[in-house]
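Working notes, beginning with the structure itself.
Residue numbers (my numbering), protein chains in the order written: chain F, 258 to 539; chain G, 42 to 314; chain V, 168 to 283.
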């Protein structure tokens, strides 16, 4: 699919066809795209675990639900959990990933890179500084016996890990849309997947990506609203809004990145019929 | 451009054409793409400052550099500095102008509704006090935000699709705060250095990635996700998986680029007898 | 399914939470009101459980000293289970969803199981 249409068509889907599994080749295509995501500081933070709803016990499925994500978790056939392994930065202090980038011709002498620079400057002044930062947060995990405290990590390291998760989510969501699937980042009880998939304490996560065939129409009610561009982006310095050029908006609309805004006129009818189809309250 | 080809063609570009400005409409496209990204409770966590190298002094440029990214700041004509707005949740709650969950907009447009358990009363009397407001009194908390990175990534891919070269790199937070007047409630994500690439489209080939079996799992971390070679082959045909680095002539390209930019490493190779 | 003899949908009209249900329903669905069968289902449900509609909601959303409401998770769970029992007894998803709609529009999020 054309890139801008993929961006324009992405919605947070909340109704899936629960009877329709994803073809393995489509799911692998999404994972292959995620595999090509940029790496934060060339560190292998990324870990991805796929869980199929029908492979979970009824008890685990119930436990993973939250008050407002119950329906989508139940309707969606597959969940992609994207993690950052925070121990990956310690492992990267051997400099091997950066050596590999030197050999690949991605990092070069022109920009100051060498094996010595990696070991004398980057590892001690960059990686190690993040690891040694004393502003730390202890991980806490919910268990059947109550809360358990895990390892502590610096806030800088957490920020790098969350950036890596977001990068992979950004690619994965769009890749799902490109494959004709419905996607959503959804809150779940994270202790359940951690337990059943044996996720180590050093892996942090964010909202998993729910993925499957949407039961909603392709517009899913229309493109969701956003605040004006000027509120989020600044031109040259903070406080100088980046003014939106209407001609650009017109071009992006023609290219399919901007689409009909929500709600489309029939959205209530669509919701009502979806609710009745799945036996949901109105 | 086809989506998979955008992903496959993306490289971290570190050499940019000089004297060729980036059209403002392409910068806006990057920002518009980022703004359309998925975000929790529809809060704009991602913020950015667009900076133009030629409007900065060399001292200001130098103040943005880190050991990890230095020459890139000298070569890229545009920097988009991405931030996580640690105050975004509070502002969204207090400002009805934001179309976030707190404003009730998502229910009004039919994105969230009773079939999923949502009502206006639930938002106002449960979600707001019990989900969105707790922790606000502690003030802005560092530690990153995945949604800000989702937006940045969508912007990065827009840059590639617009025919630009781009690279994500860490930047000096204190320097940027001084130069651009960034509020202290913004936590840095990454700088996106943008311009027209001086490298070939292959830019040396697709970069190495961690082993598949150590990255992707099915149902349990002891079970690698099965990778079907036929699908991998199809991904090659569709441009997602491309020739791996280093392509044979990469060292010559880098040497020529270095010479062109008068950077170290551009010296001619001495022929040996 | 035959309605319980004590069920009287009209008697529910004056309850604050029933009025809230009507208003919220009309706001979300752009007019209209819950089906008469939904009111009748709620009437049977409150009769079976010997409570008023307001008592159900007040047991889940309790006022704190600050004036804010606090959702009591166990109470919500209890009503979810009782609504499920009601569904099983009446053998009617529609009837149970009438009660769930009442709960949702009063600020108590809940969903029925779908796949079982």
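All residues carry an ideal CB built from backbone N, CA and C; glycine is no exception.
Exercise. Give the DSSP-derived three-state secondary structure of residue 121 of chain G in the structure shown.
Key: Note: residue 121 of chain G maps to strand in three-state DSSP.
Quiz item: Can you check whether the CB of residue 494 of chain F is closer than 8 Å to the CB of residue 90 of chain G?
Solution: Cβ distance < 8 Å, so residue 90 of chain G and residue 494 of chain F count as in contact.
Self-check item: Whole runs of the alpha helix (DSSP H) within the segment 203-246 of chain G, excluding any shorter than 4 residues
Solution: 214-221
Practice problem: Look at residue 45 of chain G and residue 220 of chain G and say whether their C-beta atoms are less than 8 Å apart. | Solution: no
Self-check item: Integer-rounded CB distance, given that residue 308 of chain F should sit under 8 Å from residue 340 of chain F
Solution: Distance from residue 340 of chain F to residue 308 of chain F at the Cβ level is roughly 12 Å; contact not present, criterion being Cβ atoms closer than 8 Å.
Practice problem: Taking only the alpha-carbon atoms, compute the straight-line gap between residue 166 of chain G and residue 230 of chain V and give it to the nearest angstrom. | Solution: 10 Å
Self-check item: 8 Å CB neighbourhood of residue 80 of chain G in its chain, flanking five on each side removed
Solution: 86, 87, 188, 191, 192
Practice problem: Report the residue ranges of all beta strand (DSSP E) runs contained in full by the segment 404-447 of chain F; include only those spanning at least 3 residues, in chain order. | Solution: 439-442
Practice problem: Just the C-alpha distance for residue 262 of chain G and residue 217 of chain V, rounded to the nearest angstrom, thanks. | Solution: Residue 262 of chain G and residue 217 of chain V have their C-alpha atoms spaced approximately 50 Å apart.
Self-check item: chain F contact for residue 288 of chain V (CB, 8 Å cutoff)
Solution: Here chain V has residues from 168 to 283 only, and residue 288 of chain V is not among them.
Quiz item: For residue 203 of chain G, which option in G:49, G:68, G:60, G:58 has the closest C-alpha, if you only look at C-alpha atoms?
Solution: G:68
Quiz item: With distances taken from CA atoms, which of F:283, F:442, F:487 is nearest residue 78 of chain G?
Solution: The residue with the shortest Cα to Cα distance from residue 78 of chain G is F:442.
Quiz item: Does DSSP classify residue 339 of chain F as helix, strand or coil?
Solution: strand
Exercise. List in chain order: all unbroken beta strand (DSSP E) runs of 3+ residues lying wholly within the segment 464-494 of chain F.
Key: 466-469, 490-492
Exercise. Go to residue 460 of chain F, then tell me how far its alpha helix (DSSP H) extends in each direction, as first and last residue.
Key: Premise fails: residue 460 of chain F lies in the beta strand (DSSP E), 460-462, not in any alpha helix (DSSP H).
Quiz prompt | Rounded straight-line distance, which links the Cα of residue 535 of chain F to that of residue 387 of chain F | solution = Straight across, the Cα-Cα distance linking residue 387 of chain F with residue 535 of chain F is about 49 Å.
Quiz item: How about residue 190 of chain G: is its C-beta nearer than 8 Å to some C-beta of chain B?
Solution: In summary, chain B is missing from the structure at hand, where the protein chains are F, G and V.
Quiz item: Quick one, which residues of the segment 152-165 of chain G are near chain V if we go by CB-CB under 9 Å, in chain order?
Solution: 154, 155, 156, 157, 158, 159, 160, 161, 162, 163, 164, 165
Exercise. Measure the Cβ-Cβ separation of residue 184 of chain G and residue 63 of chain G and say whether it is below 8 Å.
Key: In this structure, residue 184 of chain G keeps its C-beta atom at 8 Å or more from the C-beta atom of residue 63 of chain G.
Quiz item: Should residue 390 of chain F be flagged as near chain G, meaning a C-beta pair shorter than 8 Å?
Solution: no
Exercise. Please report the residue range of the beta strand (DSSP E) in which residue 25 of chain G lies.
Key: Chain G is shown from 42 up to 314; residue 25 of chain G falls before or after that span and cannot be answered.
Practice problem: Report the three-state DSSP secondary structure of residue 538 of chain F (helix, strand or coil). | Solution: coil
Quiz item: Any idea what DSSP makes of residue 126 of chain G, helix, strand or coil?
Solution: strand
Quiz item: For residue 259 of chain F, which beta-bridge partners are listed by DSSP?
Solution: G:43
Practice problem: Measure the Cβ-Cβ separation of residue 395 of chain F and residue 294 of chain F and say whether it is below 8 Å. | Solution: Taking 8 Å as the Cβ cut-off, residue 395 of chain F and residue 294 of chain F do not qualify as a contacting pair.
Quiz item: Along chain V, which residues have their Cβ under 8 Å away from the Cβ of residue 171 of chain G?
Solution: 237, 238
Practice problem: Starting from residue 285 of chain G, follow its DSSP beta bridges and name the residues at the other end. | Solution: G:247
Quiz item: Skipping 5 residues on each side, what residues in its chain have a beta carbon closer than 8 Å to that of residue 471 of chain F?
Solution: The answer, listed in chain order, is 270, 272, 273, 274, 438, 439, 477.
Quiz item: What residue does the alpha helix (DSSP H) around residue 320 of chain F start on, and which one ends it?
Solution: 315-321
Exercise. Taking residue 326 of chain F as part of the alpha helix (DSSP H), name the residues at either end of that continuous run.
Key: Premise fails: residue 326 of chain F is in no alpha helix (DSSP H) and is neither H nor E.
Quiz item: Does DSSP put residue 188 of chain V in a helix, in a strand, or in coil?
Solution: helix
Quiz item: When we look at the beta-carbon of residue 154 of chain G and count the other beta-carbons within 10 Å, is it buried (16 or more) or exposed?
Solution: Counting Cβ neighbours within 10 Å, residue 154 of chain G comes out buried, since at least 16 surround it.
Quiz prompt | Close-in-space but distant-in-sequence residues of the same chain around residue 436 of chain F (CB under 7 Å, 5 per side omitted) | solution = Only 283, 286, 287 meet the Cβ criterion.
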